[in-house]
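The structure appears below as structure tokens.
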Amino acid sequence: RLGAAHGAAPAAELLIRVIGAAVAAQLGRAAENHLAKALRGAMDSIFDHGSPAVYRRLWEHLEERGPEDDADRVVFPERYALGLVSCAVRRAYAATRQDLEALVAHPRVPQPTKMWIGDQLSARSREHTEHDLSWVLGGEPPR
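FYI, the numbering for the sequence shown is 1285 to 1427, going by our numbering.
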């Protein structure tokens, strides 16, 4: 609701704070899984109403901390990172594709996250190719 009413930037900042608090609380696997699922609606809203600047703010939290980073900077654990990537691909593919491709090459993005991004981008690309091919072969105009 915050994203729809006030824009994606405040919603993204709130999402970062909520995940940061969850990380600090060390909730445990079951609670983290539940929270990650509960946050999907908020993530969807951010990608529905966001901008490249807002998305880049979120991508920063997929990267491991570097020596120049503040020790308090939140690094999203894998389950939150994977959910965020899924929402980005599902809701804002055209606007996020290049950033996601860059994250795959980024040295501080954990390997499981890189693999998930690559898988999500490949699946989306396959969907588009299959749709385009069915249009060509079937003679129906694209939707």
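Each residue gets a CB set at the ideal place from its N, CA and C atoms; glycine is no exception. Note that the structure is a prediction, hence the values are computed from the model and not measured.
What number of angstroms, rounded off, separates the C-alpha of residue i from the C-alpha of residue j?
| i | j | result |
| --- | --- | --- |
| residue 1395 | residue 1373 | 18 Å |
| residue 1335 | residue 1302 | 21 Å |
| residue 1313 | residue 1304 | 15 Å |
| residue 1340 | residue 1382 | 11 Å |
| residue 1323 | residue 1298 | 11 Å |
| residue 1390 | residue 1343 | 11 Å |
| residue 1411 | residue 1310 | 38 Å |
| residue 1377 | residue 1308 | 31 Å |
| residue 1360 | residue 1353 | 14 Å |
| residue 1431 | residue 1375 | Since the first and last residues shown for the chain are 1285 and 1427, residue 1431 lies out of range. |
| residue 1356 | residue 1406 | 34 Å |
Short of 8 Å in beta carbon distance, which residues of its chain neighbour residue i, apart from the five on each side in sequence? Order them along the chain.
| i | result |
| --- | --- |
| residue 1351 | none |
| residue 1397 | 1346, 1362, 1365, 1366, 1369, 1387 |
Given a cut-off of 8 Å on the beta-carbon distance, is the pair residue i and residue j in contact?
| i | j | result |
| --- | --- | --- |
| residue 1300 | residue 1358 | yes |
| residue 1326 | residue 1365 | no |
| residue 1333 | residue 1292 | yes |
| residue 1328 | residue 1371 | yes |
Residues in the same chain with beta-carbon distance under 6 Å from residue i, minus the five sequence neighbours each way, listed in chain order, please.
| i | result |
| --- | --- |
| residue 1320 | 1363, 1364, 1367 |
| residue 1330 | 1287, 1292, 1295, 1296 |
| residue 1399 | none |
Can you give me the Cβ contacts of residue i inside the same chain, cut-off strictly under 7 Å, excluding the 5 residues immediately before and after it?
| i | result |
| --- | --- |
| residue 1401 | 1369, 1384, 1387, 1388 |
| residue 1392 | 1347, 1348, 1350 |
| residue 1306 | 1316, 1319 |
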